[in-house]
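Mind the numbering: the sequence shown is residues 143 to 641 in the working numbering, read in order.
Cβ atoms here follow ideal geometry from the backbone N, Cα and C, with glycine treated the same way.
Single-structure report; data block below.
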Amino acid sequence: MAHRVDEHLLNDDHYNHRVPTSPSLRRPRPPQSALGLFCTRFLSRRRNAISLFLSVCIVVFLCVGLVIRDQLDIQKHSRFRPPEYSQETQESAPPSYAAVARMQVDALFARQSKTLEQAKARYALKNDRPPPPGYDKFYQFARERSCLIDDYNKVYRDFEPFYQLAEHHPSFFPDMLARSMEIAAKDGALCLSPLTIRDHKATGSPHYAPYEGDWVKLFEILGPLLPDMDLLFNYQDEPRVLFNTRRPDAYEFALKKLDRNPFHQGPRPTKEYYEAATPHQCLLPNSAKGFGNITNDLNAFMLSSTSTQHTHDLYPVLSPGRVASCFADIIVPSSFYYDRSWFAARTSWPDDVAWADKKSAIYWRGHTSGGAVDGKNYLGFPRFRIIDFARRRPDIIDAALTGLHNCNPDPNNAGNAVCPEDEIKALYEVDSPPQLRDEIYKYKYTLDLDGQWLLWTLYGSSSVRLVSIQVYYNQRLLRRLAITLRALHPGPPRSLRSS
Numbered sequence: 143m144a145h146r147v148d149e150h151l152l153n154d155d156h157y158n159h160r161v162p163t164s165p166s167l168r169r170p171r172p173p174q175s176a177l178g179l180f181c182t183r184f185l186s187r188r189r190n191a192i193s194l195f196l197s198v199c200i201v202v203f204l205c206v207g208l209v210i211r212d213q214l215d216i217q218k219h220s221r222f223r224p225p226e227y228s229q230e231t232q233e234s235a236p237p238s239y240a241a242v243a244r245m246q247v248d249a250l251f252a253r254q255s256k257t258l259e260q261a262k263a264r265y266a267l268k269n270d271r272p273p274p275p276g277y278d279k280f281y282q283f284a285r286e287r288s289c290l291i292d293d294y295n296k297v298y299r300d301f302e303p304f305y306q307l308a309e310h311h312p313s314f315f316p317d318m319l320a321r322s323m324e325i326a327a328k329d330g331a332l333c334l335s336p337l338t339i340r341d342h343k344a345t346g347s348p349h350y351a352p353y354e355g356d357w358v359k360l361f362e363i364l365g366p367l368l369p370d371m372d373l374l375f376n377y378q379d380e381p382r383v384l385f386n387t388r389r390p391d392a393y394e395f396a397l398k399k400l401d402r403n404p405f406h407q408g409p410r411p412t413k414e415y416y417e418a419a420t421p422h423q424c425l426l427p428n429s430a431k432g433f434g435n436i437t438n439d440l441n442a443f444m445l446s447s448t449s450t451q452h453t454h455d456l457y458p459v460l461s462p463g464r465v466a467s468c469f470a471d472i473i474v475p476s477s478f479y480y481d482r483s484w485f486a487a488r489t490s491w492p493d494d495v496a497w498a499d500k501k502s503a504i505y506w507r508g509h510t511s512g513g514a515v516d517g518k519n520y521l522g523f524p525r526f527r528i529i530d531f532a533r534r535r536p537d538i539i540d541a542a543l544t545g546l547h548n549c550n551p552d553p554n555n556a557g558n559a560v561c562p563e564d565e566i567k568a569l570y571e572v573d574s575p576p577q578l579r580d581e582i583y584k585y586k587y588t589l590d591l592d593g594q595w596l597l598w599t600l601y602g603s604s605s606v607r608l609v610s611i612q613v614y615y616n617q618r619l620l621r622r623l624a625i626t627l628r629a630l631h632p633g634p635p636r637s638l639r640s641s
């Protein structure tokens, strides 16, 4: 049997892929000698060996070429990579990362349009519509002050639902704006500031609005660029338009305009209000990727909002922040960020502490804002939980409460509500001596928590955000830390007890 297999392998038909002829028609072959058989087998094996060797060489050359190419790419782009972290380079790492951040900012400004025609083309390409009237004035204004020209994606996204509705219902936006302006003008307790621009001059609300003067001053500068228009500002820290534009039926729901008492919606308690299976349900996941848990029970705004003057209809309201998953406010920069504002954060002296001399820890000071304390619901508030964590890890976080605010639960339930003010002050040392704002300069990192957050974001240190409220500068200057307070404090919250 083995001899027959060898004859088949040595047959020319095996190599030339010819169909063998019938045995009766095949020409008889003389028997091969032992030497001939050896030579034939040797040549056959040699052919196989050459083919195998050639294949191996090709694979080796290919691998070597890929390695060389990768090495060249590494050498070519190594100057753009941050340095490898080690104990020796720990002190030099922050300046290196700062340089990388500056490079990113420089690249952002370098890619802006250089001509008006280019800016118009990019606007039309990005938004699928031509620029608005007066765009040439905006372009000139921005160029003279070295402002961004093209990158306003957050503004485009916030206005996109109104543009989609305007395709088939062009009167929707002006009708909703006019209605909301009328509501705000009649009731000054709604914390809404209607502002009108006529003949390039801005006029504020007939009622008192704490930050309205800042906006009027701003539009004194921008007025020559703007046509006659109406604007509605929300001067609360909390968002107002409880409308989830990502719902499958959101388009049809917006056209129904079912809210008969807009900007007065706010049943108590707010936890059940936000979690109820209604079109206005508002749930906060602890992660934007994969599976996740709902963290409403760790959010002061969701547990017990201090201000719940919401509307369930899609009104164009300009707000300093919003909860992205279920609110539809149009985010604008807070007036607190402008130096000309009376409410702007100020310190006694500039930051003259070198980075190397700062403490490698996170600094936080603040009041107990963010939610109304009622009984023991505050145990889930981030500002109390961060104090618990700081006591366990003072090497990481230096945190303290400087005042007890919002210890005034729902007035409609004042007879049954309890605010253990004395116990909270004793347990969390709320009455400890206050510190100057300049103490923040001693630390490399600052913490931003839900609550009254507008004053503390842009202090010059590296800011770590643990918030559910989105602000205008989120994608500009801040990197949100992908972590929740449940991860920071995995154990059960400490209950109130006298010890």
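For residue i, the residue or residues it bridges with in DSSP
i	result
P427	I436
T450	Answer is none; T450 lacks a bridge partner.
D540	Y505
M371	I339
L460	F375 and I472
G545	H509
T345	T338
V383	T453
Q612	R464
Y585	K501
Q282	Beta-bridge pairing links Q282 to no other residue.
Q254	None, per the DSSP bridge assignment.
Reference residue i, options the options, closest by Cα
i	options	result
E394	P381, P421, R382 and Y415	P421
S502	Y415, P312, R389 and Y585	Y585
F443	P411, P462 and I473	P411
T544	E565, A532, V560 and S511	S511
R525	V572, Y480 and D592	D592
H452	Q423, S477, P427 and T437	Q423
Y505	R607, L460 and A419	R607
V98	C289, R285, Y265 and K256	Outside the displayed range of the chain (143 to 641) lies residue 98, so it cannot be described from this structure.
Y480	A263, H311 and L360	L360
G445	L521, D317 and R340	Here the sequence assigns Leu to residue 445, which means Gly is not the residue at that position. Among L521, D317 and R340, the Cα nearest to that of L445 belongs to L521.
R507	Y583, S610, C468 and D493	Y583
A326	F251, R340, R382 and N295	R382
Q260	A249, M245, R244 and D278	D278
S447	S477, A419, D516 and F478	D516
Proximal residues to residue i (C-beta, below 6 Å), its chain only, five neighbours per side dropped
i	result
S449	Q378 and E380
Y265	P273
E230	Low confidence applies here, because E230 scores a pLDDT of 49, under 50, leaving its location unreliable and the question unanswered by this model.
R477	The amino acid at residue 477 is misidentified as Arg; the sequence shows Ser. Hits under 6 Å: Y353, D356 and S483.
Nonlocal neighbours in the same chain, by C-beta distance under 7 Å from residue i, ignoring five residues either side
i	result
F283	L367
L177	With a pLDDT of only 47 at L177, under the threshold of 50, the placement of this residue in the model should not be trusted, and no figure is reported.
P409	Y415
A392	N386
Q254	L290, I291 and D292
P352	Y377
L208	Because the pLDDT at L208 is just 41, under 50, the model does not fix this residue reliably, and the value given afterwards should be weighed accordingly. Nothing listed; no residue qualifies.
K343	G365
A419	none
Interface flag, residue i vs chain B, CB-CB below 8 Å
i	result
N441	Protein chains in the displayed structure number just one, and chain B is not present.
CB-CB length for residue i against residue j, believed under 8 Å
i	j	result
P475	Y614	5 Å
L546	K567	6 Å
L426	N403	In fact, because the Cβ distance is near 26 Å, the residues do not count as touching under 8 Å.
F314	L307	5 Å
A541	I529	6 Å
P303	L456	7 Å
F469	L400	So it is not a contact: roughly 17 Å between Cβ atoms.
E417	N435	Actually they do not touch by this definition, with Cβ atoms about 13 Å apart.
Close-in-space but distant-in-sequence residues of the same chain around residue i (CB under 8 Å, 5 per side omitted)
i	result
I363	none
I210	Summary for I210: the model assigns pLDDT 42, below 50, so the residue's position carries little reliability, and this model does not support an answer.
L397	L307, H311 and F314
R642	There is simply no residue 642 to check, as the chain begins at 143 and stops at 641 in what is shown.
G276	L367, L368 and P369
R482	D356 and K359
I472	V297, D300, F301, P458, V459, L460 and S461
D537	A503
L319	D372, L374, Y457 and P458
N548	T448, T510, S511, G512, G513, A514 and V515
(request) Check whether the region 423-439 touches the region 353-360, taking contact to mean three or more Cβ pairs, one atom from each stretch, closer than 8 Å. (result) Under the Cβ criterion (8 Å, minimum of three pairs), the region 423-439 does not count as touching the region 353-360.
(request) Give a yes or no on contact between the region 454-467 and the region 493-510, applying the rule of three or more CB pairs nearer than 8 Å. (result) No, the region 454-467 is not in contact with the region 493-510.
(message) With three or more C-beta pairs closer than 8 Å as the rule, is the region 368-377 touching the region 336-346?
(response) Verdict: yes, contact present.
(request) Check whether the region 343-350 touches the region 315-334, taking contact to mean three or more Cβ pairs, one atom from each stretch, closer than 8 Å. (result) They touch, by the three-pair rule.
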